[in-house]
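Chains as they are written, first to last, in my numbering: chain A, -18 to 90; chain B, -18 to 90.
Here a beta-carbon is modelled for each residue, glycine too, at the ideal position from N, C-alpha and C.
The structure displayed is predicted, hence computed values, not measured ones.
Encoded as C-alpha cells, the structure appears first; notes follow it.
2 protein chains.
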Amino acid sequence: MSRQLTEMLKGTLEGVVLAILSGRPAHGYEITAWLRAQGFADIAEGTVYALLVRIERRGLVDVRKVPSEKGPPRKVYSLSAQGRKDLDEFWKTWVFLAERLQRLRKGDK
Amino acid sequence: MSRQLTEMLKGTLEGVVLAILSGRPAHGYEITAWLRAQGFADIAEGTVYALLVRIERRGLVDVRKVPSEKGPPRKVYSLSAQGRKDLDEFWKTWVFLAERLQRLRKGDK
DNA sequence: TGAAACTATTCGGTGTTGCTAGGTACCAGT
DNA sequence: ACTGGTACCTAGCAACACCGAATAGTTTCA
C-alpha cells in the first residue's frame, strides 16, 4: 500500500464504511469484499474489523449475531441514529476538504 | 477541531502544503497564514512546522534561511524535484479516492 | 481420513500523523 | 518595562491503518 493512500484513508475509511452501511446492513467479511471490489484492493482485513469495533463502541452501529451457513457466526452491523448523524457530518467535512483541494489543484496558487 | 477533519487531514495536509509550494516558495508562518485564510481556520501552528521538518528530511523541499525585517530569520521552503514527483503522486492518489467517494455519495450502494 | 480452501473474526505491536500546550527569539511602539 | 506581532521549535499524546498471526467453522476433493 502506498504511504500516501494509507494516510489519506485515515478518517475517510470510517466514512466509507458508514456509507456502505447506510445502504444495507452488512458484516465485516462482506464489507471487506465490497471494498476490494471497489478498488480498495489492498485494505488489510484486520483494518476493517478494528474499525467496526471502534464505531460499535461509539454507538454508530447496532450489531446482531447471525449464524452463517458457512463458517463461524457473522456479526451483522447496521447504522444507528447516531451513525446516521455521523455520516452526515462526515459528508460535510468531506465536501469542505474536497472543495479546497479542488481549488488548489486548479492552480489557485 | 472536529475529530473527523483532524483525521482526514492526515495525509492530505502534506499534499496541500506541497501544492502551495509548487506555486511559489514560502516560509512556515506564511503557509500557516495562507491555510487559515483558505478556511483551514484552526490548524495549529506547530502542526505546520512539524510537517515542514518532515518533508525536509525526506528531501521534498529545499530550504533557504532569509533574514526578516521583523522577527527572527525565515526559513523559505521551495519544492525540490522529488517534491514535485511526490505532489504528482499525491494528486493521483487524491483523484483515486475522490472518485470512489463521489460514487459512494451519489447513492451507489 | 485428511488437508486444503474458503468463510469469518480477533489481537498485539508498529509507524505515521495532527493536536495540545507550551517555549524561544527578535523587533516596534507605548 | 511591557505588550503585541513576527517567526520558529518541541515533547508528549491520541487516533488511525498496517502487519502478521492466530482461532474456528464448513465445504471440497483426493
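Of the listed residues the options, nearest to residue i (C-alpha basis)
i, options, result
"A:Gly9", "A:Leu(-10), A:Leu33, A:Ala18, A:Leu(-1)", "A:Leu33"
"A:Arg45", "A:Gly52, A:Ala79, A:Tyr58", "A:Tyr58"
"A:Phe21", "A:Arg81, A:Ser(-17), A:Arg35, A:Ala62", "A:Ser(-17)"
"A:Ala62", "A:Asp23, A:Glu37, A:Ala25", "A:Glu37"
"A:Trp72", "B:Trp72, B:Phe71, B:Pro48, B:Arg86", "B:Arg86"
Alpha-carbon spacing of residue i relative to residue j, whole angstroms
i, j, result
"B:Leu(-1)", "A:Ile12", "34 Å"
"A:Glu(-5)", "B:Asp69", "26 Å"
"B:Tyr30", "B:Gly52", "17 Å"
"A:Ala14", "A:Thr(-13)", "18 Å"
"B:Lys56", "A:Val76", "33 Å"
"B:Glu50", "B:Ala7", "16 Å"
"B:Pro54", "B:Gln(-15)", "35 Å"
"B:Thr74", "B:Asp67", "10 Å"
Beta-carbon spacing of residue i, residue j below 8 Å
i, j, result
"A:Leu16", "A:Leu60", "no"
"B:Gly40", "A:Met(-11)", "no"
"B:Val42", "B:Gly64", "yes"
"B:Arg81", "A:Gln19", "yes"
"A:Ala79", "B:Ala25", "no"
Runs of beta strand (DSSP E) lying entirely within the stretch 1 to 78 of chain A, each at least 3 residues, in chain order: 42 to 47, 55 to 60
query: What residues from the stretch 8 to 25 of chain A come within 8 Å of chain B, judged by C-beta to C-beta, listed N to C?
result: Gln19, Gly20, Phe21
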